[in-house]
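S.K.:
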Amino acid sequence: MEEEVELILDLCKEKMAQAIEHLEKELVHIRAGKASTRMLDGVMVDYYGSMTPLQQVSNISTPDARTIAVQPWEKNLIGAIEKAILNANLGFNPDNNGEIIRISVPPLTEERRKVLSKQSNAEGENAKVSIRSARKDSNDTLKKMLKTGLSEDMQKDAESLVQDMTNDFTKKVDSLLEKKNQEIFTI
């Protein structure tokens, strides 16, 4: 029984960690006015008929805080890369000089900052919902195990551990959101 309880706790922790991981990925895509190569994560380029991540067909750098530079490894890909960036709907206008693509990251208006803050808070709330869902699943499983021979003390202890995990992961979400909001509102 103890091994099964440990397994449930590990599974719960894993689900909560995945919620945090997902939140971090989503927050990267919410741009805070400062150029980052990770803004182009997820951009797929048509590379000889197969969709390939942009980082696999070019070198991506940030020469300054407001610019992203994309240097394709093959010059004939420059048009496909430009098209892929436009199709990714990131709100960027790539500038192609025939050898390199430059993307200017425009400064944010106060209104846009508020929208981005709301968006990041919504992502944080989704992460918290996932964390609470993992807690509920674990607690339900523990209650079912009570009927199959798990002692009440072990069940209560395990539920207490699940709640502690929930609190820890919720604090991580809050800290990630606070950091992102600070980043958004820093001019």
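Note that numbering that gives the first Met the number 0 gives residue 16 to position 17 of the sequence shown, counting from 1, and the numbers run on in steps of one.
A virtual CB, placed ideally from N, CA and C, is assigned to each residue, including glycine.
1. Roughly how far, in whole angstroms, is the beta-carbon of Gly148 from the beta-carbon of Met0, given that I think they are within contact range, below 8 Å?
2. On a CA-only basis, which of Gln55, Cys11, Gln181, Thr169 is nearest Asn125? Give me that one, please.
3. Mind checking Ser129: buried by the 16 CB within 10 Å criterion, or exposed?
4. Within the chosen definition, does the stretch 130 to 148 reach the stretch 90 to 110 through at least 3 CB pairs nearer than 8 Å?
5. The ligand HEM and Ala157: does any heavy atom of the ligand fall closer than 7 Å to the residue's C-beta?
6. Beta carbon of Ala34, beta carbon of Arg65: below 8 Å?
7. Are there 16 or more other CB atoms within 10 angstroms of the CB of Met50, so buried, or fewer, so exposed?
8. How is the alpha helix (DSSP H) around Asn86 delimited, first residue to last?
9. For Thr185, does the three-state DSSP call read helix, strand or coil?
10. Give the secondary structure of Ala68 by DSSP, where H, G and I count as helix, E and B as strand, and everything else as coil.
11. Take the Cβ of Leu22 as the centre, count every other Cβ of all protein chains shown within 10 Å, and call the residue buried at 16 or more, exposed below.
12. Applying the 10 Å Cβ sphere with the 16-neighbour rule, what's the burial state of Gly90?
13. Answer yes or no: do Asn180 and Ser116 have a C-beta to C-beta separation smaller than 8 Å?
M.R.: Concretely, from the data shown:
1. A Cβ-Cβ separation of about 6 Å places Gly148 in contact with Met0 under the 8 Å criterion.
2. Thr169
3. buried
4. no
5. The ligand HEM is absent from the structure shown, which contains no ligands of any kind.
6. yes
7. exposed
8. 77 to 86
9. coil
10. strand
11. buried
12. Exposed, since its Cβ has fewer than 16 Cβ neighbours within 10 Å.
13. yes
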